[in-house]
Amino acid sequence: MTTNKHTLPLPDAAPALRPRRDAVDRMLLGGIACTAVVAGVYTLFAAVVMPRLGRKDDPGFIDAMQTANRIVETPVFLAALIGATALPAAAAWKQQKTAGGGPALRWIVAGGALYTVGLVITLAVHVPLNTSLATRGDADPVGVRAEFEDTWNTLNIVRAALSATAVAALGKAARLRRGARRTLG
């Protein structure tokens, strides 16, 4: 038994049961959390917000969507968007540098790539659509909605699926790393 005056006694095998998390683990878990937040927001819009807004008349739809776009643009969501890109990339770099790659690296790269495709969709399609809606929404509500709604909804479902799949891939990498630490530890 190992004891410390500030902690409870632990069996000597405790470190093998709870391997210490390293920098890759911390970056990977942060990346999983950020990606899950983004996937959750996209999924919430696909499953709840957009079907509800779809029932509104054209001016009501445009007004509600403009409001939703303003509300979602927060520092927390921006941090999640950036963290979901940067943290898996940093974890992949560190995994390659410290562990020489392996199966975990392949899953980190896959998760990062899936998320990045969704981010490209966001930047190339959703941001311009949202900007257009904000600047010309009142001019021709019927035409603006027709140009916006179907494309936005379809590609939102795609980016939600990509982000959710990225979470699964990053989770697989974390499990592989945990198993490798137990084997080595």
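Numbering (the numbering used here), first residue to last: 326 to 510. Every residue gets a Cβ at the ideal spot worked out from N, C-alpha and C, and that includes glycine. Model, not experiment: these values are computed from the prediction.
Output needed for Thr476: all residues of its chain with C-beta closer than 8 Å, excluding positions within five of it in sequence on either side, in chain order. Translated into the one-based positions of the sequence shown, residue 476 becomes position 151. Contacts found: Val450, Leu454.
Local Cβ density within 10 Å of Thr360, reported as buried at 16 or more and exposed below that: Locating residue 360 in the sequence shown gives position 35, counting from the first residue. So Thr360 counts as buried.
Can the beta-carbon of Val492 be found closer than 8 Å to that of Ala364? As a position in the sequence shown, residue 492 is number 167, starting the count at 1. As a position in the sequence shown, residue 364 is number 39, starting the count at 1. Against a cut-off of 8 Å, the Cβ pair of Ala364 and Val492 comes out as a contact.
Would you tell me roughly how many angstroms separate the C-alpha atoms of Gly355 and Asn478, rounded to the nearest one? As a first step, residue 355 must be located in the sequence shown, where it is residue number 30. As a first step, residue 478 must be located in the sequence shown, where it is residue number 153. Using only the alpha carbons, I get a separation of about 28 Å.
Should Leu495 go down as buried or exposed, given a rule of 16 or more other Cβ atoms within 10 Å for buried? Here residue 495 is taken as the residue at index 170 of the sequence shown, counted from 1. Under this definition Leu495 is a buried residue.
Am I right that Gln420 and Ala429 are in contact with their C-beta atoms under 8 Å? What's the rounded C-beta distance? The residue given as residue 420 occupies position 95 in the sequence shown. The residue given as residue 429 occupies position 104 in the sequence shown. Right, the Cβ-Cβ distance comes to about 6 Å (below 8 Å), so this counts as a contact.
If you draw a straight line from the alpha carbon of Val349 to that of Gly443, how long is it in whole angstroms? Within the sequence shown, the letter at position 24 stands for residue 349. Within the sequence shown, the letter at position 118 stands for residue 443. Going from the Cα of Val349 to the Cα of Gly443 covers about 23 Å.
I'd like to check one pair, Gly436 with Ala498: are the Cβ atoms closer than 8 Å? Reading the sequence shown from its first residue, position 173 is the one you call residue 498. Reading the sequence shown from its first residue, position 111 is the one you call residue 436. The answer is yes: Cβ separation under 8 Å.
Range covered by the alpha helix (DSSP H) that runs through Thr441: Taking the first residue of the sequence shown as position 1, residue 441 is located at position 116. First-last of the alpha helix (DSSP H) with Thr441: 428-446.
Going by other Cβ atoms of all chains shown within 10 Å of its Cβ, with 16 needed for buried, is Ile357 buried or exposed? The residue labelled residue 357 in the question sits at position 32 within the sequence shown. Per the 10 Å Cβ criterion, buried.
Can you have a look at Ala459 and say buried or exposed, based on whether 16 or more other CB atoms are within 10 angstroms of its CB? Counting from 1 along the sequence shown, the entry for residue 459 is found at position 134. When all chains shown are included, Ala459 counts as exposed.
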